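All the letters of the sequence shown, read from the start, carry residue numbers 1 to 166 under UniProt numbering.
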Amino acid sequence: MHFNPYGGAAAELAVLLVNAEPERDLADLLRDAGYKPVGTLDADQVAELREWIVRLDAVFTAPGVDVLNELLAATAGVPYISIHDGRAPHLHYAREDAPTDERVKAYTAAGLATLFCEDPARIGRCARPDCAFVFVDTSRNGRRRFCSTRCSTRVHVAEHRTRRGA
């Protein structure tokens with residue numbers, strides 16, 4: 001499935017943030033994800049993003065209009081058109097000169113909201129009982145249930161063993 005940049009890249013950044021290890025350096029994560037411009041993150045901004053990640057996680061648990069509207073309302077976003085880095089005109093939901101944490105919050109909230117409006121079933125949490133990872137379903141048929149092939153294989157092997165043993 002093809003997503004616009006907010007329903008795709010921004011929602012995928014939300015996935016990376018939610019799935020990140022708690023000790024992961026968030027500025028490094030943003031750089032590794034290709035988020036631009038990263039800027040700096042002081043201790044308060046890191047704490048703010050850590051709280052934001054908990055709120056993002058809730059969207060993957062129970063995606064819905066109310067939870068997404070709460071995220072959108074919590075951002076300092078004011079939509080405007082940007083042409084940075086030689087790219088074609090595109091929407092941003094926070095000013096480029098805003099602090100990094102504010103921009104990330106606006107970006108991920110808009111991304112998940114856009115994705116939800118396009119197809120709410122594409123926002124998922126892994127169906128393997130012991131896995132807490134989340135994902136954005138970009139499959140053609142939109143029936144993804146697991147965060148990875150590894151989790152899918154584990155569940156299917158366990159199901160096969162159960163059937164064989166019965």
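Just so it is clear, CB atoms sit at the ideal spot from N, CA and C, and this is done for glycine as well. Because the structure is a prediction, the values reported are computed rather than measured.
Test item: CB-CB of residue 194 and Thr40 under 8 Å: Outside the displayed range of the chain (1 to 166) lies residue 194, so it cannot be described from this structure.
Cutting at 8 Å between CB atoms, please list the residues of its own chain near Tyr35, excluding the five before and the five after it. Here the set comprises Leu13, Val104, Tyr107.
Spatial distance of Val136 from Gly165 (CA atoms): Using only the alpha carbons, I get a separation of about 34 Å.
Just curious, the alpha helix (DSSP H) that Arg161 is in, first and last residue? First-last of the alpha helix (DSSP H) with Arg161: 149-165.
Quick check on the DSSP output: the alpha helix (DSSP H) that includes Tyr93 runs from which residue to which? Tyr93: not part of any alpha helix (DSSP H); DSSP gives it neither H nor E.
Does the segment 140-151 come within contact of the segment 80-100, defined as at least 3 CB pairs closer than 8 Å? The segment 140-151, when compared against the segment 80-100, does not touch it at the 8 Å Cβ threshold.
Sequence-distant residues of its chain with Cβ nearer than 7 Å to Leu16 (five each side left out): The residues are Leu29, Ala33.
What residues match up with Phe135 in a beta bridge as DSSP calls it? Residue pairing from DSSP places Phe135 in a beta bridge opposite Gly124.
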